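*Asks:* Residue numbers (my numbering): 6 to 418. The beta carbon of each residue, even a glycine, is placed where N, CA and C say it ideally should be. Nothing here was measured: the structure is a model prediction, and the numbers come from that model.
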Amino acid sequence: SGKTATAFGNVRNVLTSAQLGGASILAAVTDPFIDTAARYMAGLPATKALYGIASAIKSASTREQAVRSGLILDDFMHIVGDEARYAGTLGGSEWSKWLADRTVNLNGLEPITQARRHVFGLDFQATVADHVGMDFETLGKENPYLRRTLESYGFKEKDWNALRKTDLHAPEGGAGFLQPADVKSRDLAKRYLEMIYGETERAVPTGTARSRSLVVGGAPRGSIFGELLESGLQYKSFALSFTTLQLQAIKQELHQGIAQGAGYAASLATALTLGGALAVQIKNIVNGKDLQPMDASTGQGLKFWLQSFQTGGGFGVMGDFLFSDQTRFGASFAETLAGPSVNLISDAFKLGVGNVQKAITGKPTHIGREAVKIGGKYVPVVSTLPYTRAAYQRIFLDQLQYLTDPEAHKYFR
């Protein structure tokens, strides 16, 4: 049913707009570490990557250069498939897709994601261009990780020799890029582009078809079961993609030796934990809260570092389950597994039927408090963007709670 798919899609898009405004903070502080690890695994230089990303965000020329070099499919898929990082596929009506898309643009998540994907793709082409003077055996000695990456995508010595014959594209007299669009063999160009996209997904995880199929499988869109599965996958595509790709990377390193595999896993976990810690504290500041204690010798400090490990490691919602019976979105473990759409239905049920049941049985109700809580969780844009959230909470929601909740002072304390 097209109407069923549209209705569920609209709900998911509104939830994306209401809950993903702060995702750019996590992306900004953890993505550089993920990018560095991916460059290491692919045999790409990691220096100057951050400068290139920053330049790409503010410059239209990098985007145009990426499109011309053959990376246009990335923008094509985003526009046609309506993909939003962390949120997944944006189905539904145009107004709801626009709402979700504007949110991930206004919070900087989409510019950061696209800039990083373009920079990584161009750097991959530049690295290949820097090694075209080497035969396959010499490449294995000089850059074993690049050769291993080529071999993992089915490139053999004859394929590398054919790729080396491609004329380099050297804009403005630079060192040059080996563009997929310039490769004469169509089959070789497709495989080369596949390799670039595969490694880009490792550097900038957004959600792979393989990870999505683990949850959605063959359930058709527009069926109740299929849409419930889609709703359950919401916000989990990044974590699934990140996890599967990093497990693959660790396995590849373990083939080189246990110490090398353990070293890669430990260094990535340490870096991402530090990034997660920074993200947690920045979000506390943005939300108008006190900073969390960081002394690991105390219970609160240990809790903070465990949360930082989970947050930076791509398991954001899972980290909450270690410390309380509710996630950062106020959902139980079962509700989070079912997805935010089910959580919305649960909150609406508690506000309506739940309070009626309490009133009938003589128990105290908290309609005002719960209504204000819903206003803080499900209002698009202003309730979630880092630069509007605290003001919306303090100026509007807190004052509204004083008017509707007799125990507001006690609740705030």
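1. Quick test of your reading: D164 and H174, contact by CB under 8 Å. State the CB separation rounded to the nearest angstrom.
2. Let me check understanding here. Comparing Cα to Cα, which of L111, S22, D36 lies closest to Y392?
3. Could you tell me the distance, in whole angstroms, from the CA atom of K288 to the CA atom of Q297?
4. Do R394 and V285 have their C-beta atoms closer together than 8 Å?
5. From G357 to D403, what does the alpha carbon distance come to, in whole angstroms?
6. By Cβ distance, which residues of its chain are closer than 6 Å to L20, with the 5 residues on each side in sequence left out?
7. Using only alpha-carbon positions, find the residue among S22, R17, P37 that is nearest to T278.
8. Could you tell me which uninterrupted alpha helix (DSSP H) segments, each at least 4 residues in length, are contained entirely in the stretch 230 to 280, listed from first to last along the chain?
9. What span of residues does the alpha helix (DSSP H) with H414 cover, start to end?
10. Report the option in D295, G237, G203 whose CA atom is closest to the CA atom of Q251.
11. Got a sec? Which residues, its chain only, sit under 8 Å from N360 by beta carbon, not counting five neighbours each side?
12. Have a look at A301 and K241 and give me their C-alpha separation to the nearest angstrom.
13. Taking G266 and G318 to be in contact with their CB atoms under 8 Å, please state how far apart those CB atoms are, rounded to whole angstroms.
14. Do T9 and E232 come within 8 Å of each other at the CB atom, strictly closer than that value?
15. Let me know if R418 comes out buried or exposed under the rule of 16 or more other beta-carbons within 10 Å of its beta-carbon.
16. Taking only the alpha-carbon atoms, compute the straight-line gap between L198 and P185 and give it to the nearest angstrom.
17. Since Q317 is in the alpha helix (DSSP H), which residue starts that stretch and which ends it?
18. Per DSSP, what kind of secondary structure is D330 in: helix, strand or coil?
19. Assuming T205 and G126 form a contact by the criterion Cβ under 8 Å, report the distance between their Cβ atoms to the nearest whole angstrom.
20. When the Cα atoms are used, what is the spatial distance from A3 to G268?
21. Helix, strand or coil for F129? Go by DSSP, reduced to three states.
22. Would H123 be called buried (16 or more neighbouring beta carbons within 10 Å of its own) or exposed?
23. Rank N15, A134, D106 by C-alpha distance to the C-alpha of G97 and give the top, closest one.
24. Got a sec? Which residues, its chain only, sit under 8 Å from G48 by beta carbon, not counting five neighbours each side?
25. When you compare each of L349, E258, F230 to S6 by their alpha carbons, which one comes out closest?
26. For F334 and K256, what's the separation of their Cα atoms in angstroms?
27. Using the rule of at least 16 other Cβ atoms within 10 Å of the residue's Cβ for burial, across every protein chain shown, is Y383 buried or exposed?
28. Could you have a look at H136 and say whether DSSP puts it in helix, strand or coil?
29. Following the continuous alpha helix (DSSP H) through K146, name the residue where it begins and the one where it ends.
30. Which residues in the same chain as L259 place their Cβ atom closer than 6 Å to its Cβ, once the five residues preceding and following it in sequence are excluded?
31. Please tell me whether P411 and T108 are closer than 8 Å, where the distance is taken between their beta carbons.
32. Within the same chain, show all residues whose beta-carbon is closer than 6 Å to that of M46, passing over the 5 residues directly before and after it, in chain order.
33. Report the start-end ranges of each alpha helix (DSSP H) in the stretch 149 to 174 that is 4 residues or longer and not cut off at the edges.
*Replies:* Judging by the given coordinates:
1. Going by Cβ atoms, the distance from D164 to H174 rounds to 20 Å, so no, they are not a contact pair.
2. Residue nearest to Y392 within the set L111, S22, D36 is L111 (criterion: CA-CA distance).
3. Using only the alpha carbons, I get a separation of about 11 Å.
4. Note that the C-beta distance between R394 and V285 is not below 8 Å.
5. If you take the alpha carbons of G357 and D403, they lie about 21 Å apart.
6. Within the same chain, L20 has close Cβ partners P345.
7. The closest CA to that of T278, considering only S22, R17, P37, is found on P37.
8. Counting only unbroken stretches of 4 or more residues, the alpha helix (DSSP H) elements lying wholly within the stretch 230 to 280 are 242 to 259, in sequence order.
9. Where H414 is concerned, the enclosing alpha helix (DSSP H) stretches over 413 to 417.
10. Proximity to Q251 across D295, G237, G203 peaks at G203, based on C-alpha coordinates.
11. Cβ within range, chain order: T370, H371, I372, E375.
12. A301 and K241: Cα-Cα distance of roughly 29 Å.
13. At roughly 17 Å, the Cβ-Cβ gap does not stay under 8 Å, so G266 and G318 are not in contact.
14. Yes, Cβ-Cβ distance for E232 and T9 is below 8 Å.
15. Around the beta carbon of R418, a 10 Å sphere encloses fewer than 16 other beta carbons of the protein chains shown; the residue is thus reported as exposed.
16. Cα-Cα distance, rounded: 6 Å.
17. According to the sequence shown, residue 317 is Gly rather than Gln. Unbroken alpha helix (DSSP H) run through G317: 304 to 317.
18. Caution applies to D330, whose pLDDT of 44 falls short of 50 and renders its modelled position unreliable; the value that the coordinates give is listed next. Looking at D330 - three-state DSSP - the assignment turns out to be coil, as it is neither helix nor strand.
19. Right, the Cβ-Cβ distance comes to about 5 Å (below 8 Å), so this counts as a contact.
20. Past the edges of the chain, shown from 6 to 418, lies residue 3, and the structure says nothing about it.
21. Helix, per DSSP.
22. Under the 10 Å beta carbon count, H123 is surrounded by 16 or more other beta carbons and is classified as buried.
23. Here the closest residue by C-alpha is N15.
24. Excluding residues up to 5 positions away in sequence, T132, N148, P149, Y150, L151, R152, R153, T154 lie with their Cβ nearer than 8 Å to the Cβ of G48 in the same chain.
25. Ranking L349, E258, F230 by CA distance to the CA of S6 puts F230 first.
26. Only weak support is given to the placement of F334: the predicted model assigns it a pLDDT of 48, under 50, and the value that follows is read from those uncertain coordinates. Cα-Cα distance, rounded: 34 Å.
27. Residue environment analysis places Y383 among the buried positions, since at least 16 neighbouring C-beta atoms fall within 10 angstroms of its C-beta.
28. In the structure shown, the three-state DSSP call for H136 is coil.
29. Element bounds for K146: 141 to 147.
30. Shown here for L259: same chain residues with a beta carbon closer than 6 Å to its own, the five before and five after excluded, namely G266 in chain order.
31. Contact: no.
32. If the five residues before and after M46 are omitted, its C-beta is found closer than 6 Å to the C-beta atoms of A254, all from its own chain and listed in chain order.
33. 149 to 157, 162 to 169, all fully within the stretch 149 to 174.
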